[in-house]
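Numbering (this note's numbering), first residue to last: 1 to 295. Just so it is clear, CB atoms sit at the ideal spot from N, CA and C, and this is done for glycine as well. Predicted model only: the values in this text are computed from it and were never measured.
Take a look at the structure:
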């Protein structure tokens with residue numbers, strides 16, 4: 001995952017922000033326990049969204065504690081622990097990181113290729129420690145489909161985005177009973193989250209992909225890396241469509257008694273993801289990021 005699925009902090013209450021940050025620290029510590037200390041460097045906020053969604057669906061409990069860590073040695077910070085969903089997110093992050101690096105080794109050249117190979121020295125053992133055969137099988141099945149579409153320079157967004165979204169759906173639904181409410185809702189939310197991530201990443205990397213002659217669905221469709229206002233409107237509508245579908249699915253989740261988690265998930269879908277889209281499509285919007293970080 002790529003870090004596009006993140007809350008907009010100014011719209012969270014203080015207690016919701018503390019829970020959100022504790023979830024991040026909880027996934028980080030779970031990664032250290034389950035997949036190795038260095039694997040924690042690959043953590044993104046996307047994994048925290050996954051944790052809170054799966055926790056809302058399963059109603060799995062968790063405990064809270066406070067500890068200092070390497071990143072924050074002078075202050076004890078709250079973190080979540082003792083939840084199977086934390087362990088799942090840790091293992092899933094390790095698996096997805098491994099296959100991302102595998103793809104980078106195949107596609108990149110020069111320093112980026114060397115960096116991916118060096119990172120793989122830790123990512124491969126982390127993937128083995130993750131022991132997530134179901135998710136690995138989904139990656140082995142779907143990633144070659146995506147690679148084939150990219151190699152053929154398919155002039156379409158929908159085809160590669162659908163493949164990528166199906167993989168994200170597998171990531172979200174892994175381990176749930178087939179046909180259960182948890183499986184159906186997590187798969188639906190995962191699918192549209194995956195399409196959002198694929199679209200956002202393609203728009204974000206458009207100029208770099210054109211310069212390095214790499215596949216990009218928008219480049220293949222439009223034949224240019226210069227987006228007109230019409231192109232931006234098309235991409236913006238596509239991204240908002242995906243967040244709208246996520247919200248429709250969230251409306252079917254029972255949040256009774258877990259209002260803090262509900263607030264976090266809705267914040268991400270309403271404010272965080274759409275704001276991230278605006279940062280990509282309208283670089284001027286990035287000027288407000290310093291204010292967001294200071295809160």
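### Query
Given residue 252, which residues of its chain have a CB within under 7 angstroms of its CB, disregarding the five upstream and five downstream residues?
185
### Task
Give the straight-line distance between the Cα atoms of residue 195 and residue 147, rounded to the nearest whole angstrom.
16 angstroms
### Query
Distance, Cα to Cα, residue 302 vs residue 261?
Given that the chain is displayed from residue 1 to residue 295, the structure contains no residue 302 and the question cannot be resolved.
### Query
Got a sec, what are the start and stop residues for the beta strand (DSSP E) residue 65 sits in?
63-67
### Query
Hey, quick one: how far does the beta strand (DSSP E) through residue 53 stretch, first residue to last?
No beta strand (DSSP E) holds residue 53; the alpha helix (DSSP H) holding it covers 45-58.
### Message
Given a cut-off of 8 angstroms on the beta-carbon distance, is the pair residue 192 and residue 246 in contact?
### Response
yes
### Task
Tell me the start and end of each unbroken beta strand (DSSP E) in the region 62-124 that is at least 3 residues and wholly inside, in chain order.
63-67, 77-81
### Query
Taking all protein chains shown into account, do 16 or more other C-beta atoms lie within 10 angstroms of the C-beta of residue 188, making it buried, or fewer, making it exposed?
buried
### Same chain, Cβ closer than 6 angstroms to residue 207, neighbours up to 5 away in sequence not counted
225
### Query
Beta carbon of residue 36, beta carbon of residue 80: below 8 angstroms?
no
### Task
Return helix, strand or coil for residue 174, following the three-state DSSP convention.
coil
### Query
Taking the C-alpha atoms as reference points, what is the distance between residue 118 and residue 139?
21 angstroms
### Query
Are the beta-carbon atoms belonging to residue 267 and residue 50 less than 8 angstroms from one another?
no
### Query
Which residues bound the alpha helix (DSSP H) around residue 180?
Counting along the chain, residue 180 falls outside any alpha helix (DSSP H), and DSSP gives it neither H nor E.
#### Entry: Stretch-stretch touch, CB-based, cutoff 8 angstroms, three pairs: the region 123-134 with the region 60-69
no
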